[in-house]
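First comes the structure, then the notes that go with it.
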Ligand SMILES: [Fe+2]
Ligand SMILES: [Fe+2]
């Protein structure tokens, strides 16, 4: 799954989850193929992001799990404070979960 | 001219401090506020002015309107719906925050151009501050998000107004001096104090000023220790996540007391980080867009 701002959406992409408006009304169901018309309507109704199936867009700033983990290690190099190490553990957990969800999908 | 040169060879911190404050008072080197902003300021101060009137004036200025809407729509304020008019932004953000955004918009612009890493850091801290403020119910969370946005304002000022001192600070840091002491050694004052000093000059709310002034030293805060702690913790978490770039190569010094002041345990810290992640993801699109615009 990939969460994208409206300007990145293209007709033919499929919704991964429902799209809601600000009042919580469903504008579009799960697994629906987007059309030009629908994307235009999202703009009009003030939707900002839509989650689509797979990872159709390559985002140049996105890192792999390995890169994320090794950069995390580097940031915490030489840190012994147990509080800071707690935060590091939480971040590790976060990264594993984030990337697990992705692999599951694509 | 000769005088200045000599000073840089043999700086006296307390003398330098006076000189820096004098410069800040005159705002040398900072882009001057366009007339419309001065006009708006008068209107905002004037109790009789209606929100509608203020919005009308702002909307006449394309540049400021664009800036306000862009900031209001960026993920650190986290509105579920697109903010498309100045009136809406005013309702959602409040006049106080709007005023700050207007007054500081030329500085934000400077941060984008000069130091996108610091800009990313600042909006990351804004988003995180908002999440923490909401979590602990610390009053106007929009205002705290704005404090987060401004917390390293002093760094920007050093880069703009005190340009010639910046290399000396960087030299000391590369020799292993920590960033705050390096600033103090070269300028006689650090970025937290500089930011707060300027915010006081602009008559921004006390709550924001004190939080910014003490974001690296909680002991300095009195009335607004919670707000200072929110900035302090957000600063650490955003560094720890590796979002943006500052003078701290890895992590800034952390005072664990911040957690106590905020009444937060590890379970809550985890929730905060998990809530922050999607915000940072969205913010990345925002800064990348800016980068593209700047390079085109
Ligand atoms: Fe700072
Ligand atoms: Fe910071």
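Residue numbers (the numbering used here), protein chains in the order written: chain U, 134 to 239; chain W, -9 to 286. Glycine included, each C-beta is placed from N, C-alpha and C at the ideal position. None of these values were measured; they are calculated from a predicted model.
#### Entry: Nearest residue (CA-CA) to residue 236 of chain W, options W/273, W/194 and W/114
W/114
### Task
Spell out a yes or no on whether the region 220 to 231 of chain U and the region 170 to 180 of chain U are touching, meaning 3 or more CB-CB pairs, one atom from each, closer than 8 Å.
no
### Query
Over what stretch of residues does the alpha helix (DSSP H) that includes residue 202 of chain W continue unbroken?
196 to 203
### Identity of the residues DSSP links to residue 185 of chain U by a beta bridge
U/135 and U/148
### Query
Which residues, taken in chain order from the region 129 to 154 of chain W, show a beta carbon closer than 7 Å to some beta carbon of chain U?
none
### Close-in-space but distant-in-sequence residues of the same chain around residue 249 of chain W (CB under 6 Å, 5 per side omitted)
none
### Message
Could you compute how far the alpha carbon of residue 76 of chain W sits from the alpha carbon of residue 207 of chain U?
### Response
43 Å
### Beta-bridge partners of residue 153 of chain U, as assigned by DSSP
U/159
### Where the alpha helix (DSSP H) through residue 176 of chain W begins and ends
169 to 177
#### Entry: Contact under 8 Å by Cβ, residue 112 of chain W with residue 101 of chain W
yes
### Task
Please work out which residues of its chain come closer than 7 Å, Cβ to Cβ, to residue 136 of chain U, disregarding the five sequence neighbours upstream and downstream, and give them in chain order.
182 and 184
### Task
Would you identify the three-state DSSP class for residue 166 of chain U, choosing helix, strand or coil?
strand
#### Entry: Chain-order list of residues whose beta-carbon lies under 6 Å from that of residue 204 of chain W (same chain, five-residue window excluded)
210, 211 and 218
### Message
Once DSSP output is grouped into helix, strand and coil, what is the label at residue 271 of chain W?
### Response
helix
#### Entry: Beta carbon nearer than 5 Å to a non-hydrogen atom of ligand 2
W/142 and W/225
### Query
With 8 Å set as the bound, which would you pick, yes or no: does the beta-carbon of residue 239 of chain U sit closer than that to a beta-carbon of chain W?
For residue 239 of chain U, the predicted structure reports a pLDDT of 47, less than 50, and the residue's modelled location is therefore unreliable. A value from the coordinates is still provided. So, not an interface residue.
### Min CB distance residue 240 of chain W to chain U below 8 Å
yes
### Query
Whole beta strand (DSSP E) runs in the region 54 to 134 of chain W with 3 or more residues, listed along the chain?
none
### Message
Give me the chain W residues within the contact set of residue 138 of chain U, using Cβ-Cβ distance strictly less than 8 Å, ordered along the chain.
### Response
272 and 275
### Task
Apply the 10 Å Cβ neighbour rule to residue 218 of chain U and answer buried if 16 or more other Cβ atoms are within range, or exposed otherwise.
exposed
### Contact under 8 Å by Cβ, residue 118 of chain W with residue 252 of chain W
no
### Task
Note the first and the last residue of the continuous alpha helix (DSSP H) segment covering residue 219 of chain W.
215 to 231
### Query
Ordered along the chain, which non-local residues of its own chain (more than five positions away) have a Cβ less than 7 Å from that of residue 165 of chain U?
147 and 148
### Query
List, in order along the chain, the chain W residues whose C-beta lies closer than 7 Å to that of residue 210 of chain U?
240
### Query
Using Cβ-Cβ distances below 9 Å, what residues of the region 165 to 197 of chain U are close to chain W?
176, 178, 179, 180, 181, 182, 192, 193, 194 and 195
#### Entry: Min CB distance residue 219 of chain U to chain W below 8 Å
yes
### Task
Put residue 181 of chain W into one of helix, strand or coil per three-state DSSP.
helix
### Task
Less than 8 Å between the CB atoms is what I'm expecting for residue 261 of chain W and residue 194 of chain U, so what's the real figure, rounded?
Actually they do not touch by this definition, with Cβ atoms about 25 Å apart.
### Task
Give the DSSP-derived three-state secondary structure of residue 19 of chain W in the structure shown.
Confidence in residue 19 of chain W is poor, its pLDDT being 49 and thus under 50, which makes the residue's placement unreliable; the coordinate value appears in the next sentence. Coil.
### Backbone CA spacing between residue 130 of chain W and residue 233 of chain W [nearest angstrom]
25 Å
### Query
Does any CB atom of chain U fall closer than 8 Å to the CB of residue 70 of chain W?
yes
### Query
How about residue 259 of chain W: is its C-beta nearer than 8 Å to some C-beta of chain U?
yes
### Query
If you measure from the beta carbon of residue 66 of chain W to each beta carbon in chain U, is any gap under 8 Å?
no
### Query
Any heavy atom of ligand 1 within a distance shorter than 7 Å of the CB on residue 203 of chain W?
no
### Message
Considering only their Cβ atoms, is the gap separating residue 185 of chain W from residue 140 of chain W smaller than 8 Å?
### Response
yes
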